[in-house]
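Notes follow once the structure below has been shown.
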Amino acid sequence: MRLFLLGIMLAISTVVLSAQTRPLIGKVVDENDEGLIGANVKVEGTTQATATDVEGQYTVAVKTGSKVTLTISYIGYKTVAVEVGPDQNNIVTKMEVNSNVMDEVVIIGYGTAKKQSLTSSV
132 MRLFLLGIML AISTVVLSAQ TRPLIGKVVD ENDEGLIGAN VKVEGTTQAT ATDVEGQYTV
192 AVKTGSKVTL TISYIGYKTV AVEVGPDQNN IVTKMEVNSN VMDEVVIIGY GTAKKQSLTS
252 SV
């Protein structure tokens with residue numbers, strides 16, 4: 132009998148705990164509205180994080196009824212913080228190119244050099 136009651140209590144607690152979170156679905160797109168593969172999506176203040184799939188889509192679990200902030204980052208783009216309200220479920224985030232991130236670099240057989248310092252003799 133005790134084992135039966137323990138099983139029922141465990142099932143009820145699982146239902147209660149899963150009811151405290153909701154799925155947040157979103158998509159990360161570039162300047163041409165195409166999905167970005169492998170963009171990092173993190174829920175601030177938690178250890179919840181994920182990466183986008185081949186279409187730029189992601190799903191994270193967030194607390195039900197709470198406002199959260201998502202931090203989205205991708206190499207070559209500016210990091211974006213998106214505030215999501217308690218009633219929002221589908222978020223589309225457009226990333227902006229960060230042109231200051233990289234100078235033009237030329238790879239040569241024995242190292243690297245900036246394009247402006249490279250001479251025509253190479």
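Residue numbering for the sequence shown is 132 to 253, as defined by this note's numbering.
Glycine included, C-beta positions come from ideal geometry on N, C-alpha and C.
Three-state class that DSSP yields for residue i in the structure shown
i       : result
Gln-151 : coil
Ile-168 : coil
Thr-181 : strand
Thr-92  : This structure does not reach residue 92, given that the chain is present from 132 up to 253, and the question cannot be answered.
Gly-157 : strand
Val-253 : Since pLDDT at Val-253 reaches only 48, below the 50 mark, its modelled position is unreliable, and no value is offered.
Run of the beta strand (DSSP E) containing residue i, from where it starts to where it stops
i       : result
Thr-200 : 199-204
Lys-225 : 221-225
Thr-190 : 188-194
Assumed close pair residue i, residue j - CB separation to whole angstroms, cut-off 8 Å
i       : j       : result
Thr-224 : Gly-157 : 6 Å
Val-213 : Leu-155 : Rounded, the Cβ-Cβ distance is 10 Å, inconsistent with contact.
Pro-217 : Gly-187 : Not quite, the Cβ-Cβ distance comes to about 24 Å (not below 8 Å), so this is no contact.
Option nearest residue i by Cα separation, candidates the options
i       : options                               : result
Asn-204 : Asp-161, Glu-186 and Gly-196          : Note that residue 204 corresponds to Ser in the displayed sequence, not to Asn. The shortest Cα separation from Ser-204 among Asp-161, Glu-186 and Gly-196 belongs to Asp-161.
Thr-254 : Asn-220, Gly-166, Lys-209 and Val-191 : No answer is possible for residue 254: it lies beyond the span of the chain, which begins at 132 and ends at 253.
Leu-167 : Gln-219, Leu-201 and Ala-182          : Ala-182
Thr-200 : Ser-230, Gln-219, Lys-209 and Gln-151 : Gln-219
Thr-184 : Val-172, Lys-194 and Thr-202          : At residue 184 the sequence reads Asp, which differs from the Thr that was named. The option with the nearest alpha carbon to Asp-184 is Val-172.
Ile-222 : Gln-179, Asn-163, Gln-151 and Thr-202 : Thr-202
Thr-210 : Tyr-189, Val-174, Asp-164 and Asn-229 : Asn-229
Ser-208 : Val-193, Lys-198, Glu-227 and Lys-194 : Ser is not the amino acid found at residue 208; the sequence shown has Tyr there. The candidate whose alpha carbon is nearest that of Tyr-208 is Glu-227.
Gln-151 : Val-174, Glu-175 and Lys-194          : Lys-194
Lys-198 : Ile-206, Ala-180, Val-174 and Val-159 : Val-174
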